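What the sequence shown shows, in this note's numbering, is residues 26 to 116, in sequence order.
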Amino acid sequence: VEVGRRLARLARRAQVLVVTHLPQVAAFADRHYVVHKSDDGTVTTSGVHALDSPGRVRELSRMLAGLEDSATAAAHAAELLALAAQDRGEC
26 VEVGRRLARL
36 ARRAQVLVVT
46 HLPQVAAFAD
56 RHYVVHKSDD
66 GTVTTSGVHA
76 LDSPGRVREL
86 SRMLAGLEDS
96 ATAAAHAAEL
106 LALAAQDRGE
116 C
């Protein structure tokens, strides 16, 4: 969580782009994007899309537990997002 806090503080003064697999860091982002990849056996494609608030909870849940439908992971994801919002003074 402290790494996320420090990056968020740095982002107040400069543009910061972070690629992470750590939900504790991702929760502190102002914007959250997901990179996806698909392969049909012949062609591999990749893309990036922005997440809305419910999408952030789902993605952080997946990052935490490997599952999108885990109630425990969703609660923890929501708690991380609330902590980040509190640090930004949004609550």
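Ideal placement from N, C-alpha and C gives every residue a C-beta, glycine not left out.
Please read these numbers as outputs of a predicted model, since none were measured by experiment.
**Request:** Indicate whether phenylalanine 53 and alanine 33 have their beta-carbon atoms separated by less than 8 Å.
**Result:** As a working mapping, residue 53 is identified with position 28 in the sequence shown. As a working mapping, residue 33 is identified with position 8 in the sequence shown. Result yes, Cβ atoms of phenylalanine 53 and alanine 33 sit closer than 8 Å.
**Asked** Can alanine 51 and leucine 85 be called in contact, C-beta distance under 8 Å?
**Response** Numbered from its first residue, the sequence shown carries residue 51 at position 26. Numbered from its first residue, the sequence shown carries residue 85 at position 60. Contact flag set, yes.
**Asked** Roughly how many whole angstroms lie between the Cα atoms of alanine 96 and valine 82?
**Response** Along the sequence shown, one-based indexing puts residue 96 at 71. Along the sequence shown, one-based indexing puts residue 82 at 57. Cα to Cα, alanine 96 sits roughly 11 Å from valine 82.
**Spatial distance of leucine 105 from glycine 72 (CA atoms)** = Numbered from its first residue, the sequence shown carries residue 105 at position 80. Numbered from its first residue, the sequence shown carries residue 72 at position 47. Approximately 26 Å, taken between the alpha carbons.
**Asked** Going by alpha carbons, who is nearest to arginine 40 out of Pro79, Asp64 and Asp55?
**Response** Within the sequence shown, the letter at position 15 stands for residue 40. Checking the displayed sequence, the identity of residue 40 turns out to be glutamine instead of arginine. The shortest C-alpha separation from glutamine 40 is found at Asp55.
**Message:** Only counting the same chain, and skipping five residues up and downstream in sequence, which positions put a Cβ closer than 6 Å to that of valine 26?
**Reply:** Start at 1 with the first residue of the sequence shown, and residue 26 comes out as number 1. Gln49.
**First through last residue of the beta strand (DSSP E) which encompasses serine 78** = Along the sequence shown, one-based indexing puts residue 78 at 53. Not the beta strand (DSSP E): serine 78 falls in the alpha helix (DSSP H), residues 78-90.
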